[in-house]
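Enquirer:
Protein chains in written order, with our numbering: chain A, 1 to 164; chain B, 165 to 413.
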């Protein structure tokens with residue numbers, strides 16, 4: 001089921017149309033507000049093979065701004081921020097799809113249009129030799145890495161837009 | 165037949181009597197003959213496992229991964245509301261206030277506890293510190309780690325959170341936590357080897373039946389596991405192992 005469009009936040013925001021890796025699109029609203037990563041915590045989620053959320057821990061729910069009920073059953077791309085290039089997610093899906101571990105820095109979008117940065121690790125859940133889903137665990141990234149990756153993603157986005 | 169029950173060597177010393185009390189009450193409740201093994205080090209534990217001498221083990225989450233996936237152990241139960249957390253602390257008067265204040269070349273004291281080190285390394289990432297950026301000072305006890313931080317011989321020390329919180333008031337007053345983990349989903353687990361598969365349910369039921377009982381609750385209190393234990397199935401264990409896997413690098 002494709003994601004429904006985001007509700008426009010009360011604070012000033014910009015409107016974007018994002019395209020997910022499965023080709024579906026969604027209108028999102030983005031503010032400039034960054035939410036600090038919660039100290040000492042891990043943000044944990046699990047998805048099925050199609051990237052649909054099956055589990056979200058309390059930190060995931062709290063930081064996303066959604067309720068657990070709003071998250072479970074939705075595509076993981078509900079967190080997709082328009083500043084994230086498609087190539088980053090293609091790399092993620094290609095890597096875990098091949099049964100390998102993926103690491104990356106991700107700017108996530110909250111329900112209210114604000115964002116938070118994470119250092120994410122995704123692993124395939126292999127049971128009886130078969131991949132049955134994926135687990136993603138996020139940790140607090142360093143400020144230096146956030147700045148470094150912001151610049152990289154800007155470049156990748158510019159390339160993607162020029163090719164569109 | 166007597167089964168060997170091994171307790172991972174990372175519990176606080178004052179819990180020692182509690183584990184023996186647990187072994188006694190578990191035998192009584194399950195009708196199983198259990199022999200308690202408390203190895204002094206992670207290396208001794210690994211050797212006992214490799215020698216096939218361990219039928220049941222209260223394992224730390226880091227070791228549980230290989231015991232389940234490589235040695236065929238099965239998860240039976242885990243403590244309720246008692247996750248494995250750690251603290252990074254510096255001297256109370258230190259100019260450092262957050263993990264991000266630590267710099268490459270900093271000195272950190274730690275004990276031989278792989279979980280604490282692993283989680284600690286992840287908590288150092290926001291400071292852009294890797295294992296190679298730190299001058300590690302291995303110590304035998306958390307008290308020694310505390311003393312080194314207090315004296316300024318290291319910039320910070322790693323503690324199992326439970327050990328940190330059980331330091332004397334005088335000691336903790338001279339320390340300043342830079343961060344305490346709140347991972348919640350990572351706990352010790354009770355695993356059984358397939359050779360005691362037929363008895364695993366009896367052991368689990370005995371463990372789960374301790375909370376709130378006149379003979380069980382005092383033991384749980386002694387172990388600092390006031391909420392008792394909850395059953396754990398194969399998928400619960402696999403989920404935690406996947407989680408641990410994400411923390412390895």
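All residues carry an ideal CB built from backbone N, CA and C; glycine is no exception.
1. Hey, is residue 346 (chain B)'s beta-carbon within less than 8 Å of any beta-carbon in chain A?
2. Should residue 267 (chain B) be flagged as near chain A, meaning a C-beta pair shorter than 8 Å?
3. Which residue from A:95, A:29, A:25 and A:47 puts its Cα closest to that of residue 111 (chain A)?
4. Based on the DSSP output, what are the partners of residue 203 (chain B) in its beta bridges?
5. Assuming residue 45 (chain A) is part of the beta strand (DSSP E), what are its boundary residues?
6. Kindly indicate which residue of B:209, B:402 and B:284 has the alpha-carbon position closest to the one of residue 341 (chain B).
7. My understanding is that residue 272 (chain B) touches residue 238 (chain B), with C-beta atoms under 8 Å, so please give their C-beta distance in whole angstroms.
8. Ignoring anything shorter than 3 residues or poking outside the region 202–272 of chain B, list the beta strand (DSSP E) runs there in chain order.
9. Please check the pair residue 59 (chain A) and residue 38 (chain A), which I expect to be a contact at CB under 8 Å, by giving their CB distance rounded to whole angstroms.
10. Would residue 103 (chain A) be called buried (16 or more neighbouring beta carbons within 10 Å of its own) or exposed?
11. How about residue 279 (chain B) and residue 226 (chain B): do their beta carbons lie closer than 8 Å?
12. Under 8 Å Cβ-Cβ, which residues of chain B neighbour residue 54 (chain A)?
13. Mark residue 50 (chain A) as exposed unless 16 or more other C-beta atoms lie within 10 angstroms of its C-beta, in which case mark it buried.
14. Thinking just about the alpha-carbon of each residue, which of B:319, B:352, B:360 and B:236 is nearest to the one in residue 253 (chain B)?
15. With 16 as the cutoff for other CB atoms within 10 Å, does residue 191 (chain B) come out buried or exposed?
16. Are the Cβ atoms of residue 158 (chain A) and residue 136 (chain A) separated by less than 8 Å?
17. Please identify, using Cβ separations under 8 Å, the residues of the region 286–317 of chain B that lie next to chain A, in order along the chain.
18. Can you find a CB in chain A that lies within less than 8 Å of the CB of residue 254 (chain B)?
19. Please list, in chain order, the chain B residues whose beta carbon lies closer than 7 Å to that of residue 39 (chain A).
20. For residue 47 (chain A), I'd like the list of residues in its chain whose CB is within less than 7 Å of its CB, leaving aside the five on either flank, ordered along the chain.
21. Going along chain B in order, which residues have a C-beta closer than 9 Å to the C-beta of residue 135 (chain A)?
22. For residue 75 (chain A), which residues does DSSP report across the bridge?
23. So, are the CB atoms of residue 40 (chain A) and residue 346 (chain B) less than 8 Å apart?
24. State the start and end residues of the unbroken alpha helix (DSSP H) segment that holds residue 399 (chain B).
25. Expressed to the nearest angstrom, what Euclidean distance is found between the alpha-carbon atoms of residue 116 (chain A) and residue 384 (chain B)?
26. Less than 8 Å separating the beta-carbons of residue 289 (chain B) and residue 68 (chain A)?
27. Show which residues of chain A have a CB atom less than 8 Å away from the CB atom of residue 349 (chain B).
28. Excluding sequence positions up to five away, which residues of its chain have a Cβ less than 8 Å from the Cβ of residue 204 (chain B)?
29. Should residue 175 (chain B) and residue 198 (chain B) be called a contact, given that it needs their Cβ atoms to be closer than 8 Å?
30. Could you check if residue 376 (chain B) is buried or exposed, using at least 16 other CB atoms within 10 Å of its CB as the buried criterion?
31. What in chain B is Cβ-close to residue 127 (chain A), meaning under 7 Å?
32. Are the region 302–311 of chain B and the region 258–269 of chain B in contact at 8 Å, needing three or more beta carbon pairs?
33. For residue 395 (chain B), which residues from the same chain have a beta carbon less than 8 Å from its beta carbon, with the 5 sequence-adjacent residues on both sides left out?
Expert: Well, looking at it:
1. Working through the second chain from its first residue, we reach residue 346 (chain B) at position 182. Residue 346 (chain B) counts as touching chain A.
2. Counting from 1 along the second chain, the entry for residue 267 (chain B) is found at position 103. Closer than 8 Å: no.
3. Mapped onto the first chain, residue 111 (chain A) falls at position 111. The shortest C-alpha separation from residue 111 (chain A) is found at A:29.
4. As a first step, residue 203 (chain B) must be located in the second chain, where it is residue number 39. Partner(s): none; residue 203 (chain B) has no beta bridge.
5. In the first chain, counting from the first residue as 1, residue 45 (chain A) sits at position 45. Looking at the DSSP string, the run of the beta strand (DSSP E) that includes residue 45 (chain A) is 43–47.
6. Start at 1 with the first residue of the second chain, and residue 341 (chain B) comes out as number 177. Among B:209, B:402 and B:284, the Cα nearest to that of residue 341 (chain B) belongs to B:284.
7. Counting from 1 along the second chain, the entry for residue 272 (chain B) is found at position 108. Counting from 1 along the second chain, the entry for residue 238 (chain B) is found at position 74. Wrong, their Cβ atoms sit about 36 Å apart, outside the cutoff.
8. 220–223, 238–243 and 250–255
9. Reading the first chain from its first residue, position 59 is the one you call residue 59 (chain A). Reading the first chain from its first residue, position 38 is the one you call residue 38 (chain A). At roughly 6 Å, the Cβ-Cβ gap stays under 8 Å, so residue 59 (chain A) and residue 38 (chain A) are in contact.
10. As a working note, residue 103 (chain A) is residue 103 in the first chain. Burial call: exposed.
11. What you label residue 279 (chain B) is simply residue 115 of the second chain in a count that begins at 1. What you label residue 226 (chain B) is simply residue 62 of the second chain in a count that begins at 1. In contact: residue 279 (chain B) and residue 226 (chain B) (Cβ atoms closer than 8 Å).
12. As a position in the first chain, residue 54 (chain A) is number 54, starting the count at 1. By Cβ distance, chain B contributes nothing, its closest Cβ being about 11 Å from residue 54 (chain A), past 8 Å.
13. What you label residue 50 (chain A) is simply residue 50 of the first chain in a count that begins at 1. It counts as exposed.
14. Counting from 1 along the second chain, the entry for residue 253 (chain B) is found at position 89. The option with the nearest alpha carbon to residue 253 (chain B) is B:319.
15. Within the second chain, residue 191 (chain B) is the residue found at index 27, counting from 1. Buried, because 16 or more other Cβ atoms sit within 10 Å of the Cβ of residue 191 (chain B).
16. Residue 158 (chain A) sits at position 158 when you count from the first residue of the first chain. Residue 136 (chain A) sits at position 136 when you count from the first residue of the first chain. Taking 8 Å as the Cβ cut-off, residue 158 (chain A) and residue 136 (chain A) do not qualify as a contacting pair.
17. 286, 287, 289, 290, 291 and 292
18. Position 90 of the second chain, counted from the start, is the residue given in the question as residue 254 (chain B). No, residue 254 (chain B) does not count as interfacial toward chain A.
19. Translated into the one-based positions of the first chain, residue 39 (chain A) becomes position 39. Here the neighbours are 343.
20. For the purposes of this step, residue 47 (chain A) is taken as residue 47 along the first chain, with counting starting at 1. Correct list, in chain order: 53, 54, 76, 133 and 134.
21. By 1-based counting over the first chain, the position of residue 135 (chain A) is 135. In chain order: 403, 406, 407, 409 and 410.
22. Numbered from 1 along the first chain, position 75 holds the residue referred to as residue 75 (chain A). Bridge partners of residue 75 (chain A): A:52.
23. Taking the first chain and counting its residues from 1, one reaches residue 40 (chain A) at position 40. Taking the second chain and counting its residues from 1, one reaches residue 346 (chain B) at position 182. Yes, they are a contact pair.
24. Looking up residue 399 (chain B) in the second chain gives position 235. Looking at the DSSP string, the run of the alpha helix (DSSP H) that includes residue 399 (chain B) is 398–411.
25. To locate residue 116 (chain A), count along the first chain from 1; it is residue 116. To locate residue 384 (chain B), count along the second chain from 1; it is residue 220. Going by the C-alpha atoms only, they are around 40 Å apart.
26. To locate residue 289 (chain B), count along the second chain from 1; it is residue 125. To locate residue 68 (chain A), count along the first chain from 1; it is residue 68. No; because the gap between Cβ atoms is not below 8 Å, this pair is not in contact.
27. Here the question's residue 349 (chain B) lines up with position 185 in the second chain. In chain order: 42, 44 and 57.
28. For the purposes of this step, residue 204 (chain B) is taken as the residue at position 40 of the second chain. Correct list, in chain order: 173.
29. For this step, residue 175 (chain B) is matched to residue 11 along the second chain. For this step, residue 198 (chain B) is matched to residue 34 along the second chain. Their beta carbons are not under 8 Å apart, which means residue 175 (chain B) does not touch residue 198 (chain B) by this criterion.
30. Locating residue 376 (chain B) in the second chain gives position 212, where the first residue counts as 1. Exposed, because fewer than 16 other Cβ atoms sit within 10 Å of the Cβ of residue 376 (chain B).
31. To locate residue 127 (chain A), count along the first chain from 1; it is residue 127. Going along chain B in sequence order, the residues near residue 127 (chain A) (Cβ under 7 Å) are 402.
32. no
33. Here residue 395 (chain B) is taken as the residue at index 231 of the second chain, counted from 1. 240, 241, 368 and 372.
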